[in-house]
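Protein chains in written order, with the working numbering: chain X, 10 to 232; chain P, 10 to 232; chain F, 10 to 232; chain R, 10 to 232; chain U, 10 to 232; chain W, 10 to 232.
There are 6 protein chains.
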Amino acid sequence: MGVVVQNIERAEMAVIDGLAACGVATVHEAQGRTGLLASYMRPIYRGARIAGSALTISAPPGDNWMVHVAIEQLKAGDILLLAPTSPCEDGYFGDLLATSAQARGCRGLVIDAGVRDVRDLTEMRFPVWSKAIFAQGTVKNTLGSVNVPVVCAGAAVNPGDVIVADDDGVVCVPREKAAEVLKAAQAREANEGDKRARLAAGEISLDVFSLRDRLHEAGLRYV
Amino acid sequence: MGVVVQNIERAEMAVIDGLAACGVATVHEAQGRTGLLASYMRPIYRGARIAGSALTISAPPGDNWMVHVAIEQLKAGDILLLAPTSPCEDGYFGDLLATSAQARGCRGLVIDAGVRDVRDLTEMRFPVWSKAIFAQGTVKNTLGSVNVPVVCAGAAVNPGDVIVADDDGVVCVPREKAAEVLKAAQAREANEGDKRARLAAGEISLDVFSLRDRLHEAGLRYV
Amino acid sequence: MGVVVQNIERAEMAVIDGLAACGVATVHEAQGRTGLLASYMRPIYRGARIAGSALTISAPPGDNWMVHVAIEQLKAGDILLLAPTSPCEDGYFGDLLATSAQARGCRGLVIDAGVRDVRDLTEMRFPVWSKAIFAQGTVKNTLGSVNVPVVCAGAAVNPGDVIVADDDGVVCVPREKAAEVLKAAQAREANEGDKRARLAAGEISLDVFSLRDRLHEAGLRYV
Amino acid sequence: MGVVVQNIERAEMAVIDGLAACGVATVHEAQGRTGLLASYMRPIYRGARIAGSALTISAPPGDNWMVHVAIEQLKAGDILLLAPTSPCEDGYFGDLLATSAQARGCRGLVIDAGVRDVRDLTEMRFPVWSKAIFAQGTVKNTLGSVNVPVVCAGAAVNPGDVIVADDDGVVCVPREKAAEVLKAAQAREANEGDKRARLAAGEISLDVFSLRDRLHEAGLRYV
Amino acid sequence: MGVVVQNIERAEMAVIDGLAACGVATVHEAQGRTGLLASYMRPIYRGARIAGSALTISAPPGDNWMVHVAIEQLKAGDILLLAPTSPCEDGYFGDLLATSAQARGCRGLVIDAGVRDVRDLTEMRFPVWSKAIFAQGTVKNTLGSVNVPVVCAGAAVNPGDVIVADDDGVVCVPREKAAEVLKAAQAREANEGDKRARLAAGEISLDVFSLRDRLHEAGLRYV
Amino acid sequence: MGVVVQNIERAEMAVIDGLAACGVATVHEAQGRTGLLASYMRPIYRGARIAGSALTISAPPGDNWMVHVAIEQLKAGDILLLAPTSPCEDGYFGDLLATSAQARGCRGLVIDAGVRDVRDLTEMRFPVWSKAIFAQGTVKNTLGSVNVPVVCAGAAVNPGDVIVADDDGVVCVPREKAAEVLKAAQAREANEGDKRARLAAGEISLDVFSLRDRLHEAGLRYV
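As structure tokens, this is what we get:
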């Protein structure tokens with residue numbers, strides 16, 4: 010506790026932006042269905058789709074001192090990602106901190122705890138994925154750490170990993186695999202276009218995805 | 010497990026559409042406050058109000074093979090209704106399946122589990138009521154059944170029952186009672202118009218609904 | 010049980026309206042981080058920000074008889090606040106009751122239980138903060154009380170206390186402290202304007218809020 | 010609502026007692042992994058293993074009037090099974106009702122709500138599986154029904170179905186399948202004895218259950 | 010925040026001990042079904058039945074500094090009752106604090122948060138009712154208050170109120186009503202003995218409690 | 010997916026057994042309050058206190074195929090630790106698997122899902138910490154992996170890490186820090202003995218832990 014790692018590696022911005030364009034569900038599939046945060050992480054407003062480098066914060070329950078410390082470490086394109094050291098729903102973050110983060114190029118916040126001033130944040134278009142919306146305030150009395158490995162909403166996140174977030178939730182892509190995952194995600198997308206057209210035309214997915222033989226083999230009975 | 014019932018009876022379309030027009034709260038009252046799914050079943054977007062015949066899916070946790078099977082059985086006006094065989098939040102359904110279902114006349118999905126690609130589903134206006142929004146993918150390895158009786162979010166549903174869903178939640182009307190419930194629901198609505206006008210004019214509901222005598226009898230004290 | 014207190018004291022309307030303008034997070038801070046209702050109390054639609062005098066209802070589970078009784082006691086500027094005597098998600102309140110309450114000057118409903126007809130309530134702009142949206146109906150068989158002290162979603166509320174509610178949740182301000190809390194809240198707001206401008210200009214909050222010395226003292230290490 | 014069905018069919022006592030001896034996990038497997046109540050249904054004390062005929066109660070939230078009505082309908086070997094019409098944790102049942110039920114040959118209670126006086130019930134060895142232990146009392150003001158089909162903790166139960174309950178939870182066996190399920194359960198048990206001995210001797214379950222070939226086929230890699 | 014009230018009034022010990030003998034369910038009934046803490050408050054071991062004067066602690070999340078402060082204020086016969094200022098499951102209390110509290114005559118702990126070292130506490134027979142068992146430690150950095158009014162697990166508690174706790178949960182009796190509630194509770198108990206005997210002899214509760222007429226009136230149908 | 014790592018490093022047995030003797034709360038403190046699994050992980054019976062090397066299993070929801078694979082990899086002194094790839098409460102493990110695991114020297118199971126046959130497991134003294142007790146069975150159709158890094162109940166666990174579990178919950182100690190953490194834990198224990206004696210003798214913890222000065226400095230007021 011009480012450590013701020015100042016220099017972390019980040020993925021290339023082109024890769025990060027490519028992952029944002031693919032979206033959470035596709036990226037999650039493309040990396041073998043790993044890295045997803047828990048389903049309770051919900052966006053404070055609909056329609057945002059972002060990706061960025063994780064600037065991680067490990068914070069004590071009900072204490073947002075480290076958020077202030079973390080904002081100083083932000084680089085343009087980063088996403089703040091906060092994991093409390095024990096379960097907490099307090100509102101660690103509001104419009105003042107968002108103003109500061111946005112001024113420094115931060116793309117959003119992922120927080121396994123609460124957020125407040127959500128009307129202001131929505132108007133500012135500062136996207137947040139959180140466990141709760143809660144006006145409960147925090148103190149500034151106990152140290153945590155910045156840019157250390159954390160577990161956030163059930164997913165292991167290292168500083169500099171790529172975080173992708175949209176209406177479906179949040180996924181973490183390990184930094185060193187980001188380029189490869191992007192490639193796989195884009196391949197999935199290319200492949201889906203043709204299938205979507207066939208399905209829209211009324212073809213049955215059992216045919217489009219060639220599922221009939223295995224169903225028969227598994228013993229499905231039509232009565 | 011492993012059965013697809015191909016021919017099920019459905020209610021008349023006029024009855025189904027009539028029930029949609031009444032909405033969930035009224036229909037639920039009209040059938041004696043039964044058949045409601047649990048309150049955790051929430052729409053992915055607000056404003057949809059639909060009814061349709063239940064095409065039921067009993068699926069293993071984390072396995073959406075049977076959804077593909079079910080879509081082939083869809084008739085125009087149906088609603089897909091999925092109950093997992095044990096509690097699950099995985100995203101069984103996304104934009105490809107929605108494209109296929111919509112192409113075949115499906116009016117929506119009710120799923121006691123998760124859904125993904127909700128931004129696309131919202132743009133397509135394919136309504137879904139679900140327990141979770143979750144990008145977590147599924148496999149296609151284990152059989153379930155289609156058009157068998159299920160318990161979905163706490164309500165017993167038989168194939169062909171009428172499902173009504175709106176912003177208040179989801180209710181199941183047994184197929185053989187649908188016409189009678191519609192009648193009762195429409196009677197309730199007719200009755201409410203007059204009362205709403207009196208209340209809007211400032212009359213007290215204790216008078217409008219004649220509640221004063223029983224309150225007195227029960228011993229209510231004004232101090 | 011079974012008591013209706015008819016005359017309660019209320020805060021001055023100017024104070025109430027001033028608190029609404031400050032919003033929940035600011036008011037909660039201004040009164041020493043007390044009085045907040047639990048984070049599960051969510052608005053049925055976004056964007057409402059209200060304050061009013063609490064007209065409290067203690068009701069049995071699944072029984073809304075007392076809501077009818079309470080509406081007769083409403084004065085313009087009041088907020089209905091319902092706490093069930095045991096945990097309950099039933100829909101105690103719908104469009105008919107909202108029509109009546111709105112006609113009598115009620116500003117909204119805070120209910121540690123369920124609400125229904127939310128599409129209608131949204132169209133009427135009758136704001137509700139609730140634990141659930143649930144079409145499940147209620148009966149009128151068992152007495153409760155009106156304008157007695159209650160605990161609602163974890164907060165103690167006395168009749169006539171000022172309730173402030175917005176997208177961040179709901180906070181209760183004791184009536185006798187309302188004027189003083191308003192003053193503190195307005196002072197906070199005045200103070201924040203300048204800080205927001207400095208943060209928007211890129212200054213670091215560690216400087217704006219003078220946090221560096223205590224961090225150093227606490228032993229934070231930069232590596 | 011408001012109906013008491015007095016004559017229901019029950020399974021043969023020998024079948025019921027046979028199912029009790031097999032236990033919940035085995036019976037659940039033997040009937041194709043169906044009929045299980047939700048995992049939140051927990052016994053108030055450990056070690057009881059019972060089976061009996063379901064005497065079903067559909068009760069309003071917070072109202073135990075129908076429990077009194079149901080007890081009059083008990084036959085020796087029955088199990089009381091209560092499903093509230095909306096989610097509720099109130100203590101519907103305590104030591105007085107247990108005294109009465111036990112005097113009439115009732116084997117236990119399964120309740121998707123709360124129970125109280127658990128110290129007394131434990132001393133009496135009157136087993137209960139419930140969603141909650143909660144001292145919250147109930148009223149006797151609103152009718153429900155006895156011996157109607159219900160959904161209890163996610164499982165559909167008809168009056169006279171066989172309920173099996175032990176430390177693993179609660180399962181419902183449809184009355185008309187009870188004899189057949191017992192046979193299948195006993196066959197499973199016979200089969201397990203030999204396997205248990207081989208596993209206890211250190212043999213690997215991959216061999217005992219012949220799982221290696223399919224693993225290889227599915228592509229499992231050892232590194 | 011940051012206040013310790015040193016002199017509080019307490020109920021008479023004879024009244025307190027009388028309430029313990031009646032138990033939670035009876036006391037709760039005797040005071041009109043009020044004052045019960047939420048059902049998630051569970052004992053760390055079964056069989057304890059205690060009552061004592063509430064020594065209240067309002068503590069920040071994850072910070073047990075005030076517990077140390079509170080223990081100095083203990084008088085023999087007191088119960089420590091802790092409410093965090095926002096929801097928290099951390100283990101505020103373990104065997105060292107229990108040793109100290111027990112040495113000073115404390116009868117137990119009621120905590121709307123977590124506790125740890127439960128094996129030791131069980132061996133010491135120091136009873137605890139808590140929301141969680143959790144080894145997560147706490148800090149000593151932020152002030153709270155001792156002997157101020159709190160809301161604990163949904164119940165309003167004033168310092169010096171009588172807390173009664175057993176296997177059924179926890180109930181709070183306002184100090185000034187304690188003697189009167191005891192009287193009502195003892196009357197209930199006296200009344201129950203005769204009824205229990207009649208029920209044990211096989212009489213139907215519908216007769217013992219004279220419930221048949223109202224059932225008939227309410228329209229119950231036997232079929 | 011679909012990988013079994015056969016050779017993993019483990020900590021020394023003396024270190025592992027030393028950590029077991031210290032218990033979860035002490036070990037968790039000794040490693041800086043990290044590595045704790047969520048509070049919902051509860052033992053199926055009280056009184057077990059174990060430590061062992063983590064043999065990790067990443068398994069699909071509702072599929073226990075990999076548990077069979079993992080058991081073959083067990084060495085004496087290991088603990089099976091299972092994390093499902095999406096949230097699941099199914100009973101992956103029962104008495105047959107426990108018989109096999111115990112025969113191979115396994116000390117227990119930590120599973121972020123369900124377990125069944127708990128009566129048998131209790132009699133066998135095979136300890137399990139789980140999220141649920143649930144008779145729901147699993148299939149053997151989809152691959153997972155063995156001995157890969159997992160996140161289990163909110164904690165990151167690598168194969169070979171030391172798992173300590175007792176009535177307070179479960180903590181993970183990274184293998185390479187195990188010896189050092191043991192030393193710190195034993196130092197804590199040595200230190201506590203003296204303090205416990207002073208507290209038992211009635212000394213105030215504010216003195217025993219020298220907390221008075223900082224309280225004064227922080228502004229605590231006694232009134």
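Every residue gets a Cβ at the ideal spot worked out from N, C-alpha and C, and that includes glycine.
The structure presented is a predicted model; accordingly, all values stated were derived computationally and were not measured.
Spatially closest choice to residue i from the options, by CA coordinates
{"i": "F/Arg128", "options": "P/Ala196, P/Thr108 and P/Val33", "result": "P/Val33"}
{"i": "R/Glu226", "options": "W/Ile172, W/Arg55, W/Asn150 and W/His225", "result": "W/Asn150"}
{"i": "R/Leu83", "options": "R/Ala193, R/Asn156 and R/Asp121", "result": "R/Asn156"}
{"i": "W/Ala194", "options": "W/Asp176, W/Ile25 and W/Val14", "result": "W/Ile25"}
{"i": "F/Thr94", "options": "F/Ile80, F/Gly114 and F/Met10", "result": "F/Met10"}
{"i": "W/Glu18", "options": "W/Phe218, W/Pro183 and W/Lys192", "result": "W/Pro183"}
{"i": "W/Gln145", "options": "P/Cys31, P/Pro96 and P/Met22", "result": "P/Pro96"}
{"i": "P/Phe218", "options": "F/Val217, F/Ala206 and F/Ser109", "result": "F/Ser109"}
{"i": "X/Lys192", "options": "X/Ala29, X/Ala39, X/Cys181 and X/Asp121", "result": "X/Ala39"}
{"i": "P/Phe135", "options": "P/Arg116, P/Asp121 and P/Leu45", "result": "P/Arg116"}
{"i": "X/Asn16", "options": "X/Leu224, X/Pro158, X/Gly169 and X/Asp216", "result": "X/Gly169"}
{"i": "P/Asp121", "options": "P/Pro69, P/Leu229 and P/Leu208", "result": "P/Pro69"}
{"i": "R/Phe143", "options": "U/Arg42, U/Ala29 and U/Cys31", "result": "U/Arg42"}
{"i": "U/Leu229", "options": "R/Ser154, R/Arg55 and R/Asp72", "result": "R/Ser154"}
{"i": "W/Asp126", "options": "R/Leu106, R/Ala187, R/Asp177 and R/Glu81", "result": "R/Asp177"}
{"i": "F/Ile88", "options": "F/Asn73, F/Asp72 and F/Ile59", "result": "F/Ile59"}
Rounded Cβ spacing between residue i and residue j (contact assumed at less than 8 Å)
{"i": "F/Phe102", "j": "F/Val124", "result": "5 Å"}
{"i": "W/Ala5", "j": "W/Val179", "result": "For residue 5 of chain W there is no data in the structure shown, the boundaries of chain W being 10 and 232."}
{"i": "W/Asp99", "j": "W/Thr147", "result": "5 Å"}
{"i": "X/Val190", "j": "F/Tyr231", "result": "So it is not a contact: roughly 32 Å between Cβ atoms."}
{"i": "P/Ala57", "j": "P/Asp175", "result": "7 Å"}
{"i": "R/Ala112", "j": "R/Val160", "result": "With a Cβ gap of about 29 Å, R/Ala112 and R/Val160 do not count as contacting."}
{"i": "F/Gly86", "j": "F/Met133", "result": "Between F/Met133 and F/Gly86 the Cβ distance is about 18 Å, and since that is not below 8 Å, they are no contact."}
{"i": "W/Leu220", "j": "U/His77", "result": "6 Å"}
{"i": "P/Leu4", "j": "P/Val173", "result": "No information on residue 4 of chain P is available, as it lies outside the stretch 10 to 232 that chain P covers here."}
Exposure of residue i, with buried meaning 16 or more beta-carbon neighbours within 10 Å
{"i": "R/Asp104", "result": "buried"}
{"i": "U/Glu185", "result": "exposed"}
{"i": "X/Gly61", "result": "buried"}
{"i": "W/Gly75", "result": "Residue 75 of chain W is actually Met in this sequence, not Gly. With 16 or more other Cβ atoms within 10 Å, it is buried."}
{"i": "U/Ser214", "result": "buried"}
{"i": "P/Asp203", "result": "exposed"}
{"i": "X/Asn200", "result": "exposed"}
Listed from N- to C-terminal order along the chain, which residues in the stretch 120-141 of chain W have their beta-carbon within a distance smaller than 8 Å of any beta-carbon of chain U?
none
Closer than 8 Å is the cut-off here; do at least three beta carbon pairs connect the stretch 160-171 of chain U with the stretch 58-73 of chain R?
no
Proximal residues, the stretch 14-27 of chain W versus chain R, C-beta separation under 8 Å:
Val14 and Gln15
Would you call the stretch 134-143 of chain P in contact with the stretch 44-58 of chain P, where contact means no fewer than 3 C-beta pairs closer than 8 Å?
yes
Interface residues of the stretch 148-175 of chain W facing chain R [CB-CB below 7 Å]:
Lys149 and Leu152
Taking Cβ-Cβ distances below 7 Å as the criterion, which residues of the stretch 77-98 of chain X are in contact with chain U?
Ser95, Pro96, Cys97 and Glu98
If you measure beta-carbon to beta-carbon, which residues of the stretch 193-219 of chain W are closer than 7 Å to chain R?
none
Looking at chain F, which residues of the stretch 47-77 of chain R have a Cβ within less than 9 Å of any of its Cβ atoms?
Pro69, Pro70, Gly71 and Asp72
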